[in-house]
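K.L.:
Numbers 1 to 445, taken from the working numbering, label the letters of the sequence shown in order.
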Amino acid sequence: MTDNTVDKTRPYAYKITGGKALKGDIEISGSKNAALGIIAAAMMVDGPCTLENVPDISDVHVMVDLCRSLGATIEAPDIHTLVIDPRTINTYKASGALVSKIRASYYLMGALLSRSGQASIRLPGGCNFGQRPIDLHLKAFRLMGARGSRPTDIDNGIVNLKADPLHGANIFFDIVSVGATINAMLAACKAQGKTVINNAAREPHIVDVANFLNAMGARIKGAGTDTIKIDGVPVLPGNFTYSIIPDQIEAGTYMIAAAVTGGDITIHNLIPPHMDPLSAKMREMGYTIEEGDDTIRVYNPYPDEELYAINVKTSPHPGFPTDLQPQTVVLLCKAAGMSRMHENVWQSRFQYVPELAKMGANITVYDRMALVNGVTDFKSATVEATDLRAGAALVCAALAAEGTSFINNAQRIDRGYEHIVSKLTAVGATIERVNVDYTSEDTEA
Ligand code: EPZ
């Protein structure tokens, strides 16, 4: 079974025959959300660099194509390695169709402002979990001396930023924002003077972007805390090879897939402390989580006993990751009684609930809280992946459900899960991609 057994130019679904306990080993790939920030950051470096452990996923392919469209030279000697030379970049404008395919295209604002003092980028699209503004990104650029960041400056959906040159600033983010923290770091690395980012995001991928930039010659301190200090430097020499951290959310998704099928899986090439919020909640439910140096084993020691209903609240790192929220709700369906999931990061991120209900889930949503009434024995159904992580949640439910399910819009899941078909097949799942005569308006994460 390979991962490319379908015509991906046509709509396709995952066909999953579930009801089997997953057993064996899964290897985690590089972090999508670190890779997207790092590839964009490479565009502001003054020399070549090599990236290793890059995930082979469609969001990364789009970001690479977008950077090539700017003139960057990017070679891929293998599917997990990129050799990047940004010195051939010949424009500061990124407003083509590629930009609207991925939200992370907005990182090019900070990167191109740093590279050439100008950036003209089409605003990312909305998304199906509520408003996704970029006011904090624009505020940071404005404080560092960029003009064109007022909402009234936005011309037909395109942000035109100009700074001669960027200077250091003291930035305070009212809301913890991963994207704004990364964009502010990108703009600050070569700005004149010192920048302090207060109330910064602390996710593992923020630290990875900062470590990449420091390897390129930047002077960033405090990444991973809520205060990041950057001393601007005139040149980022680059000429360095950097390996991307493992994907925290991919790892958590497979931990949940193991648990929800009653399986016993050891997940390799992860950073156990990154999984702490999820590991703690799964232990509360009654699962055993065994940690090694770069592994986690998940299984239920008492399969005949009821799992405990629990409450979960998403929040910025080191809180419970919002990107594991949908998958965790699937797991809460297996607990006896009422569990609660509070979504505190996104305005509304429960669009997948009606799809889960088709598979037997009993969930009531009150604004930003989902009340989950277990125990659910999932049943197979035809459902739709409403976004990347919602789709991953439906995969977990389909793996647990007796019978054959179809998950439409499976391309949304392929945005963030490398070789998911072969990884799940290797632990006993029956899953394949099949072309279907179904499509819906595509959104972007
Ligand atoms: C990143 O999105 C991730 N995407 C998301 O993962 C993740 O859900 C999110 O961080 C939170 O962890 C990538 O890294 C590519 P935010 P981002 O800025 O940066 C509000 C996935 O599944 N906000 O941290 O866009 C915003 O509306 C994706 O991999 C503003 O108000 O998220 C939200 O309520 C989905 N103004 C909150 O902050 C701004 O200028 C957090 O958003 C920016 C954000």
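Yeah, the Cβ is synthetic: ideal placement off N, Cα and C, and Gly gets one too.
Find out if the Cβ-Cβ distance for the pair LEU186, ALA41 is shorter than 8 Å.
P.N.:
One-based indexing of the sequence shown puts residue 186 at position 186. One-based indexing of the sequence shown puts residue 41 at position 41. Yes.
K.L.:
Report the option in PRO272, ASN344, GLY238 whose CA atom is closest to the CA atom of LEU213.
P.N.:
For the purposes of this step, residue 213 is taken as residue 213 along the sequence shown, with counting starting at 1. The candidate whose alpha carbon is nearest that of LEU213 is GLY238.
K.L.:
How is GLY126 classed by DSSP in three states: helix, strand or coil?
P.N.:
For the purposes of this step, residue 126 is identified with residue 126 of the sequence shown, where counting begins at 1. Bear in mind that a pLDDT of 48 at GLY126, under 50, signals an unreliable position, so the number given afterwards is only what the model happens to contain. Looking at GLY126 - three-state DSSP - the assignment turns out to be coil, as it is neither helix nor strand.
K.L.:
Buried or exposed: which applies to ILE407, given that a residue is buried once 16 or more other Cβ atoms fall within 10 Å of its Cβ?
P.N.:
As a position in the sequence shown, residue 407 is number 407, starting the count at 1. ILE407 comes out buried.
K.L.:
From which residue to which residue does the alpha helix (DSSP H) around PHE212 run?
P.N.:
On the sequence shown, residue 212 is found 212 positions in, with the first residue counted as 1. From DSSP, the alpha helix (DSSP H) with PHE212 extends over 204-216.
K.L.:
Quick one, which of GLU418, ALA398, ASN435 has its alpha-carbon nearest LEU22's?
P.N.:
The residue you call residue 22 lines up with position 22 of the sequence shown. Comparing Cα positions, the closest option is ALA398.
K.L.:
Taking DSSP as the reference, what is the three-state secondary structure of ALA488?
P.N.:
Outside the modelled stretch of the chain, which goes from 1 to 445, sits residue 488, for which no answer is possible.
K.L.:
When you compare each of GLU291, ASP276, GLU203, MET285 to ASN300 by their alpha carbons, which one comes out closest?
P.N.:
Counted from its first residue, the sequence shown places residue 300 at position 300. For the residues GLU291, ASP276, GLU203, MET285, the minimum Cα distance to ASN300 belongs to MET285.
K.L.:
Going by Cα to Cα distance, which pick from ILE39, GLY374, PRO316, ASN409 is closest to SER177?
P.N.:
The residue given as residue 177 occupies position 177 in the sequence shown. The shortest C-alpha separation from SER177 is found at PRO316.
K.L.:
Excluding the five sequence neighbours on either side, which residues of its own chain have a C-beta within less than 8 Å of the C-beta of GLY428, listed in chain order?
P.N.:
Indexing the sequence shown from 1 puts residue 428 at position 428. Cβ within range, chain order: LYS20, ALA21, LEU22, LYS23, GLY24, GLY263.
K.L.:
Here's the rule: buried if 16 or more other CB atoms are within 10 angstroms of the residue's CB, otherwise exposed. What is ALA119?
P.N.:
The residue given as residue 119 occupies position 119 in the sequence shown. With 16 or more Cβ atoms within 10 Å of its Cβ, ALA119 is classed as buried.
K.L.:
Can you find the residues in the same chain that come closer than 8 Å, C-beta to C-beta, to LYS379, ignoring five residues on each side of it along the sequence?
P.N.:
Along the sequence shown, read from residue 1 onward, the residue named residue 379 stands at position 379. Excluding the 5 residues flanking it on each side, LYS379 has same chain C-beta neighbours closer than 8 Å at MET359, GLY360, ALA401, GLU402, GLY403, in chain order.
K.L.:
Determine whether the beta carbon atoms of ASP65 and LEU98 lie at a separation below 8 Å.
P.N.:
Walking along the sequence shown from the start, residue 65 turns up at place 65. Walking along the sequence shown from the start, residue 98 turns up at place 98. Cβ distance < 8 Å, so ASP65 and LEU98 count as in contact.
K.L.:
I need the straight-line Cα distance from ASN211 to GLY168, nearest angstrom please.
P.N.:
In the sequence shown, residue 211 corresponds to position 211, counting from 1. In the sequence shown, residue 168 corresponds to position 168, counting from 1. Their Cα atoms are separated by approximately 20 Å.
K.L.:
Could you check if ALA385 belongs to the surroundings of the ligand EPZ, using beta carbon to heavy atom distance under 7 Å?
P.N.:
Counting from one through the sequence shown, the residue named residue 385 turns up at place 385. It does not: the Cβ of ALA385 is nowhere closer than 7 Å to a heavy atom of the ligand EPZ.
K.L.:
Give the C-beta separation of ALA381 and SER405 to the nearest angstrom, bearing in mind that I take them to be a contact with Cβ-Cβ under 8 Å.
P.N.:
Against the sequence shown, residue 381 aligns to sequence position 381. Against the sequence shown, residue 405 aligns to sequence position 405. That belief holds up - the Cβ atoms of ALA381 and SER405 are roughly 6 Å apart, short of 8 Å.
K.L.:
Tell me, to the nearest whole angstrom, how far the beta carbon of GLU384 is from that of ARG368; I am working on the premise that it is less than 8 Å.
P.N.:
The sequence position of residue 384 within the sequence shown is 384, counting from 1. The sequence position of residue 368 within the sequence shown is 368, counting from 1. Actually they do not touch by this definition, with Cβ atoms about 22 Å apart.
K.L.:
Can you tell me where the alpha helix (DSSP H) holding ASN300 begins and where it ends?
P.N.:
Residue 300 sits at position 300 when you count from the first residue of the sequence shown. No alpha helix (DSSP H) contains ASN300, which DSSP labels as neither H nor E.
K.L.:
Excluding the 5 residues flanking ILE447 on each side, which residues of the same chain have their C-beta closer than 7 Å to its C-beta?
P.N.:
The structure shown has nothing for residue 447, since the chain only spans 1 to 445.
K.L.:
Alpha carbons only, please: which of VAL436, GLY157, ALA184, PRO151 is nearest the one belonging to MET144?
P.N.:
For this step, residue 144 is matched to residue 144 along the sequence shown. Taking the Cα of MET144 as reference, the smallest distance to any Cα among VAL436, GLY157, ALA184, PRO151 is reached at ALA184.
K.L.:
Provide the residue(s) that pair with PHE172 in DSSP beta bridges, ordered along the chain.
P.N.:
Stepping through the sequence shown from its first residue, residue 172 is reached at position 172. Answer is ASN198.
K.L.:
Where does GLY110 fall in DSSP's three states?
P.N.:
For this step, residue 110 is matched to residue 110 along the sequence shown. Helix, per DSSP.
K.L.:
Does GLU305 pass the burial test, meaning 16 or more other C-beta atoms within 10 Å, or should it be called exposed?
P.N.:
For the purposes of this step, residue 305 is identified with residue 305 of the sequence shown, where counting begins at 1. Label assigned to GLU305: exposed.
K.L.:
Return the chain-ordered ranges of every beta strand (DSSP E) run that is complete within the stretch 12-88 and spans a minimum of 3 residues.
P.N.:
12-18, 23-27, 49-52, 73-78, 81-85
K.L.:
Hey, ILE271 and PRO246: beta-carbon distance below 8 Å or not?
P.N.:
Here residue 271 corresponds to residue number 271 of the sequence shown, with the count starting at 1. Here residue 246 corresponds to residue number 246 of the sequence shown, with the count starting at 1. For ILE271 and PRO246, yes; Cβs fall inside 8 Å.
K.L.:
Shorter than 7 Å, the distance from the beta carbon of HIS61 to the closest heavy atom of the ligand EPZ, or not?
P.N.:
One-based indexing of the sequence shown puts residue 61 at position 61. With a cutoff of 7 Å, HIS61 does not count as near the ligand EPZ, since its C-beta is closer than that to no heavy atom of the ligand.
K.L.:
Less than 8 Å separating the beta-carbons of VAL45 and GLY30?
P.N.:
Locating residue 45 in the sequence shown gives position 45, counting from the first residue. Locating residue 30 in the sequence shown gives position 30, counting from the first residue. Cβ atoms of VAL45 and GLY30: not closer than 8 Å.
K.L.:
Since VAL209 and ILE38 are thought to touch, with beta carbons under 8 Å apart, how far apart are those beta carbons, to the nearest angstrom?
P.N.:
In the sequence shown, counting from the first residue as 1, residue 209 sits at position 209. In the sequence shown, counting from the first residue as 1, residue 38 sits at position 38. Taking C-beta atoms under 8 Å as the contact rule, VAL209 and ILE38 qualify, at a distance of about 6 Å.
K.L.:
LEU166: beta carbon under 7 Å from a heavy atom of the ligand EPZ?
P.N.:
By 1-based counting over the sequence shown, the position of residue 166 is 166. Checking every heavy atom of the ligand EPZ against the Cβ of LEU166, none is found closer than 7 Å.
K.L.:
Looking at ALA200: is its Cβ nearer than 8 Å to the Cβ of ILE154?
P.N.:
Locating residue 200 in the sequence shown gives position 200, where the first residue counts as 1. Locating residue 154 in the sequence shown gives position 154, where the first residue counts as 1. Their beta carbons are not under 8 Å apart, which means ALA200 does not touch ILE154 by this criterion.
K.L.:
Flag LEU394 as yes when its Cβ comes closer than 7 Å to any non-hydrogen atom of the ligand EPZ, and as no otherwise.
P.N.:
Locating residue 394 in the sequence shown gives position 394, where the first residue counts as 1. Annotation for LEU394 indicates a beta carbon at 7 Å or more from all heavy atoms of the ligand EPZ.
K.L.:
Between the alpha carbons of LEU424 and ALA257, how many angstroms are there, rounded?
P.N.:
Here the question's residue 424 lines up with position 424 in the sequence shown. Here the question's residue 257 lines up with position 257 in the sequence shown. Each residue's alpha carbon lies about 9 Å from the other.
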